[in-house]
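J.: Sequence order for the protein chains is A and B. 90 is the number of the first residue of the first sequence in this note's numbering; add one for each residue after it. 472 is the number of the first residue of the second sequence in this note's numbering; add one for each residue after it. The C-beta atom is built at its ideal place from N, Cα and C for all residues, glycine as well. Source: prediction; values computed, not measured.
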Amino acid sequence: MKNSFSPDTNPRRWLYLVGLLVLWELIRRISGVNPLLMPPLEDILMELVHGIFKGMLIRRWLLSMALVCGGLAAGTVLAMILIVISSTGRGASSFLSFISSLMHPLPGLALLPLVILWFGTGTPAVLFIIIHAVLWPIYVNLESGVRSLAPAWTSYARILKLGRWETFIRISLPGSFPHLISGIRTGWARSWRAFIAAEMVFGAVGILGGLGWQLFESRVMMDTPALYSALLVVMLTGMAMEEIILARWENRVRMKWGEPDNTGMNTE
Amino acid sequence: MNGRSLYQSLPGPAALELKNITRRWPGGEPVFSKLDLSIPRGSICCLLGPSGCGKSTLLRCAASLDTIEAGETLVGGEIVTTPSPERQLILQDDRQLFPWLNISENILFPVCRNITGSAEGLLEMVGLADSGSLYPSQLSGGMKQRAVLARALAAEPDILLLDEPFGALDSEIRKRLHRVLLDIHQKRKLTILLVTHDVNEALILADTIVYMGSSGKLSQPEDNPLDDKRNMENPQFFQATMMIRKRYGFLME
Numbered sequence: 090m091k092n093s094f095s096p097d098t099n100p101r102r103w104l105y106l107v108g109l110l111v112l113w114e115l116i117r118r119i120s121g122v123n124p125l126l127m128p129p130l131e132d133i134l135m136e137l138v139h140g141i142f143k144g145m146l147i148r149r150w151l152l153s154m155a156l157v158c159g160g161l162a163a164g165t166v167l168a169m170i171l172i173v174i175s176s177t178g179r180g181a182s183s184f185l186s187f188i189s190s191l192m193h194p195l196p197g198l199a200l201l202p203l204v205i206l207w208f209g210t211g212t213p214a215v216l217f218i219i220i221h222a223v224l225w226p227i228y229v230n231l232e233s234g235v236r237s238l239a240p241a242w243t244s245y246a247r248i249l250k251l252g253r254w255e256t257f258i259r260i261s262l263p264g265s266f267p268h269l270i271s272g273i274r275t276g277w278a279r280s281w282r283a284f285i286a287a288e289m290v291f292g293a294v295g296i297l298g299g300l301g302w303q304l305f306e307s308r309v310m311m312d313t314p315a316l317y318s319a320l321l322v323v324m325l326t327g328m329a330m331e332e333i334i335l336a337r338w339e340n341r342v343r344m345k346w347g348e349p350d351n352t353g354m355n356t357e
Numbered sequence: 472m473n474g475r476s477l478y479q480s481l482p483g484p485a486a487l488e489l490k491n492i493t494r495r496w497p498g499g500e501p502v503f504s505k506l507d508l509s510i511p512r513g514s515i516c517c518l519l520g521p522s523g524c525g526k527s528t529l530l531r532c533a534a535s536l537d538t539i540e541a542g543e544t545l546v547g548g549e550i551v552t553t554p555s556p557e558r559q560l561i562l563q564d565d566r567q568l569f570p571w572l573n574i575s576e577n578i579l580f581p582v583c584r585n586i587t588g589s590a591e592g593l594l595e596m597v598g599l600a601d602s603g604s605l606y607p608s609q610l611s612g613g614m615k616q617r618a619v620l621a622r623a624l625a626a627e628p629d630i631l632l633l634d635e636p637f638g639a640l641d642s643e644i645r646k647r648l649h650r651v652l653l654d655i656h657q658k659r660k661l662t663i664l665l666v667t668h669d670v671n672e673a674l675i676l677a678d679t680i681v682y683m684g685s686s687g688k689l690s691q692p693e694d695n696p697l698d699d700k701r702n703m704e705n706p707q708f709f710q711a712t713m714m715i716r717k718r719y720g721f722l723m724e
């Protein structure tokens, strides 16, 4: 079943990207726009190659990925802890559901003034923003997964007289795994955006800085080829992580779990 | 009646007894009220009835999964109020097995807290000897139901409660699973309450047949009119099917 909001993962999309780059070069040449605003494709790609093999770009990319993946892992663990707490009773579940309803729609950047007050502008502040971006979508998805377990599984747990904790560990948690991956997918997209934006506001993370800092620095130095090459890396990383890794993982798990495909992977 | 009468052949307390039970819908309307059913130990009782009459609800009450508003459920003469592994429920549902476990692990799920044996014997019993390492998503509907049956047997139940377990399968696979179920019944001396709306299935499997009408009323249990040779090519089989259809005045299948 195709979900109209799910991403199109058709491999031809990578060809579209090549087409867009060619179009960029054509427009630039025909319009004769200032190269500072629209640098030649060759300069952008040279900057990209140089940045990957010799410059700071690859190191900054690695730092960004390490921070976002670290935040993603921490957010996943926290969401699981919250789900364990919510499974202890109706009161805890209702309270956490209320908190997640409050926090889930709150953009991380709206918290910036408070985060600066609490943590200053260093790595802890950026990590806080990432974890906030990740935690709530994962929690909401896990909660929905635990609530929509196959009735036959929950009946079977009762027949076997499994306790609440054992039911949670042996049935609820593995049973809601496809929902957990959906949450991680949403969390990834939110945290990647939040990280880039936060770094542009907070400044470099650590001594080196990440991709957000690269964008900021390139703008200040008016190094537009470096700016565009960093933007390209931000976009490509987001797309590759979403389409090559997470959507495929979710699709595989959903098929194994016998759930309808929600990723758009099986659509023509 | 020509059939075997297990009521007479097995004296002693009934394996499963529902006494005067009432179950209501959330709005307060009764699904059934003051209903009695007694199933002797070691017998197969088929509960026939049209869709929506409350057969599955009755089965869930027998498993103590649904709360009854009045009456009591007795197992081996003792009142029970909560579900227990001795009463295993098998549904028509395609998603009974746990998809993250392979078939052997699924079968050993009820005993994995203190693993006492392997799944091999059970897999062989249900004809899945080579499929232990497969996952539920790799199995056909019939294989899944066999695996569910093996998992139920792993808990060493006294009573099997089956809710149209073969309803979604094609007739050939259904026939094969009937044989598997009858073999297991004979080996393990289980008591079985099977819900179905298929008269043929009831005649093949049942020792006694009970009919539930759309108002939730139960008929008196009656012995299967057929003798032990219950194959569908037997001319008696057709006559018995017609007799049951006529008696209860409903169209099934």
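Closest by CA to histidine 668 of chain B, which one among B:Leu519, B:Leu674, B:Arg495, B:Gly499?
T.: Taking only the C-alpha atoms, the option nearest histidine 668 of chain B is B:Leu519.
J.: Spatial neighbours of leucine 246 of chain A within its chain, please: CB distance less than 7 Å, with the 5 preceding and 5 following residues excluded, ordered by chain position.
T.: The residue you asked about is not leucine; residue 246 of chain A is alanine in the sequence shown. The answer, listed in chain order, is Thr256, Ile260.
J.: Using the Cα positions of alanine 541 of chain B and threonine 552 of chain B, report the straight-line distance between them to the nearest angstrom.
T.: Answer to the nearest angstrom: the Cα atoms are 12 Å apart.
J.: Since tryptophan 254 of chain A contacts glycine 327 of chain A with CB under 8 Å, what's their CB separation in whole angstroms?
T.: Actually they are not in contact, since the Cβ atoms of tryptophan 254 of chain A and glycine 327 of chain A sit about 38 Å apart, beyond 8 Å.
J.: What residues match up with glutamine 559 of chain B in a beta bridge as DSSP calls it?
T.: Glutamine 559 of chain B pairs with B:Leu631.
J.: Which term fits phenylalanine 142 of chain A, buried or exposed, when burial requires 16 or more other beta carbons within 10 angstroms of its beta carbon?
T.: Classification for phenylalanine 142 of chain A: exposed.
J.: Applying the 10 Å Cβ sphere with the 16-neighbour rule, what's the burial state of methionine 714 of chain B?
T.: So methionine 714 of chain B ends up on the exposed side.
J.: In whole angstroms, what is the alpha-carbon distance linking lysine 490 of chain B and glutamate 549 of chain B?
T.: C-alpha separation (whole angstroms): 12 Å.
J.: Considering only the alpha carbon of each residue, which of B:Gly603, B:Pro556, B:Asn671, B:Met683 lies closest to glutamate 453 of chain B?
T.: Because chain B here runs from 472 to 724, residue 453 of chain B falls outside it and cannot be looked at.
J.: Is there a Cβ of chain B sitting closer than 9 Å to that of phenylalanine 305 of chain A, yes or no?
T.: By this cut-off, phenylalanine 305 of chain A is not an interface position.
J.: For histidine 193 of chain A, tell me which candidate among A:Ser307, A:Glu232, A:Met310, A:Val290 has the shortest Cα-Cα distance.
T.: Per the Cα distances, A:Glu232.
J.: For a test of the three-state rule: what should DSSP assign to lysine 490 of chain B, helix, strand or coil?
T.: In the structure shown, lysine 490 of chain B sits in a strand (DSSP, three-state: E or B).
J.: What residues from the segment 160 to 189 of chain A come within 9 Å of chain B, judged by C-beta to C-beta, listed N to C?
T.: Listed in sequence order: no entries.
J.: When you compare only the Cα positions, how much space is there between threonine 212 of chain A and alanine 618 of chain B?
T.: Approximately 52 Å, taken between the alpha carbons.
J.: By Cβ distance, which residues of its chain are closer than 6 Å to glutamine 710 of chain B, with the 5 residues on each side in sequence left out?
T.: Once the five neighbours on either side are set aside, glutamine 710 of chain B has no close Cβ partner at all.
J.: Measure from the alpha carbon of methionine 596 of chain B to the alpha carbon of each residue in B:Arg558, B:Arg647, B:Leu562, B:Gly638, then state which is nearest.
T.: The option with the nearest alpha carbon to methionine 596 of chain B is B:Arg647.
J.: Once the 5 residues before and after leucine 562 of chain B are set aside, which same chain residues still bring their CB inside 6 Å of it?
T.: So the qualifying residues of the chain are Asp634.
J.: Against glycine 347 of chain A, what residues of chain B qualify as contacts under a CB-to-CB distance less than 8 Å, listed in chain order?
T.: In chain order: Asp565, Arg566, Pro570, Pro607, Ser608.
J.: Could you list which residues in chain A have their beta carbon closer than 8 Å to that of leucine 593 of chain B, in chain order?
T.: Here the premise fails: no neighbours, minimum Cβ distance about 16 Å.
J.: Helix or strand or just coil, what does DSSP make of leucine 251 of chain A?
T.: Residue state, collapsed to three classes: coil.
J.: Along chain A, which residues have their Cβ under 7 Å away from the Cβ of alanine 534 of chain B?
T.: Chain A residues near alanine 534 of chain B: Ile248.
J.: I want to see whether chain A comes within less than 9 Å of alanine 618 of chain B, judged by CB atoms only; does it?
T.: So, not an interface residue.
J.: Tell me, which residues are paired with proline 196 of chain A by DSSP?
T.: Answer is none; proline 196 of chain A lacks a bridge partner.
J.: Between the segment 537 to 566 of chain B and chain A, which residues of the former have CB atoms less than 8 Å from a CB of the latter, in chain order?
T.: Of all residues in the segment 537 to 566 of chain B, Thr553, Pro554, Ser555, Pro556, Arg558, Gln559, Leu560, Leu562, Asp564, Asp565, Arg566 have a Cβ within less than 8 Å of some Cβ in chain A.
J.: Using the Cα positions of threonine 185 of chain A and isoleucine 227 of chain A, report the straight-line distance between them to the nearest angstrom.
T.: A small correction: the amino acid at residue 185 of chain A is leucine; threonine does not occupy that position in the sequence shown. Distance between the alpha carbons of leucine 185 of chain A and isoleucine 227 of chain A is about 13 Å.
J.: If you measure from the beta carbon of serine 244 of chain A to each beta carbon in chain B, is any gap under 9 Å?
T.: Yes - at least one Cβ of chain B is within 9 Å of the one on serine 244 of chain A.
J.: Pop quiz: alanine 534 of chain B and leucine 506 of chain B are said to be a contact at Cβ under 8 Å. What is the actual Cβ separation, rounded to whole angstroms?
T.: The pair is not a contact, with the Cβ atoms about 15 Å apart (cut-off 8 Å).
J.: Please determine whether the Cβ atom of methionine 324 of chain A lies at a distance below 8 Å from any heavy atom of the ligand SAM.
T.: As presented, the structure is devoid of all ligands, the ligand SAM included, so that no description of it is given.
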